[in-house]
Amino acid sequence: MCNLCAHSVKFILAHESAPTLRFVALQSPAGARLMREFGFSPEDAKTFVLVAGGRSYVKSDAAIRVAGYLRGIWRGLAAVRILPRPVRDWAYDIVARNRYRWFGRTESCMVPTPELRARFIQE
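With full-length UniProt numbering, the residue at position 88 of the sequence shown is 88, and numbering never jumps.
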């Protein structure tokens, strides 16, 4: 229900170099199951998580890894990894803490089109 999250998913779908990534709302039953599987509390679903290669990445590490899936200049966003993780995560936390104020909320999550439905993990 976070506009930043919804727009991020749309951005990734539009700029992915190949249709590789799949998405799940952390608040959904499937998201909660994955959270538990990777050692996170489903009640604390407040961060961006990427699961790749059997490992989980959170916050700025997740965002940097996702940038590697993008095409063109957007792939260059991964260069942020030269900054120390505490600095990256500090900036991430500021955006996360203010996401509703800066980007707003919606009443419901994005509903994928029939063509994109397979890219979203359902229960």
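The beta-carbon is built from N, C-alpha and C at its ideal position, and this holds for glycine as well.
(message) On the criterion of 16 or more Cβ atoms from any shown chain inside 10 Å, does I82 qualify as buried, or is it exposed?
(response) Exposed is the call here.
(request) Below 8 angstroms CB to CB, which residues in the same chain sit around G72 once its five sequence neighbours on both sides are set aside? (result) For G72, the CB contacts under 8 angstroms within the same chain, skipping 5 residues up- and downstream, are H15 in chain order.
(request) Helix, strand or coil for R71, going by three-state DSSP, please let me know. (result) When secondary structure is reduced to three states using DSSP, R71 falls in the coil class, being assigned neither helix nor strand.
(request) State whether the region 51-63 contacts the region 107-123, with contact taken as three or more CB pairs (one from each stretch) at a distance under 8 angstroms. (result) Judged by Cβ distances under 8 angstroms, the region 51-63 makes no contact with the region 107-123, as fewer than three pairs qualify.
(message) Quick check on I64: buried or exposed, where buried means 16 or more other Cβ atoms within 10 Å of its Cβ?
(response) Buried is the label assigned to I64, since at least 16 other Cβ atoms lie within 10 Å of its Cβ.
(request) Go through its chain and collect everything with a Cβ distance to G68's Cβ below 6 angstroms, but skip five positions before and after it. (result) Scanning its chain for C-beta atoms nearer than 6 angstroms, with the 5 sequence neighbours on each side dropped, one finds around G68 the residues A78, in chain order.
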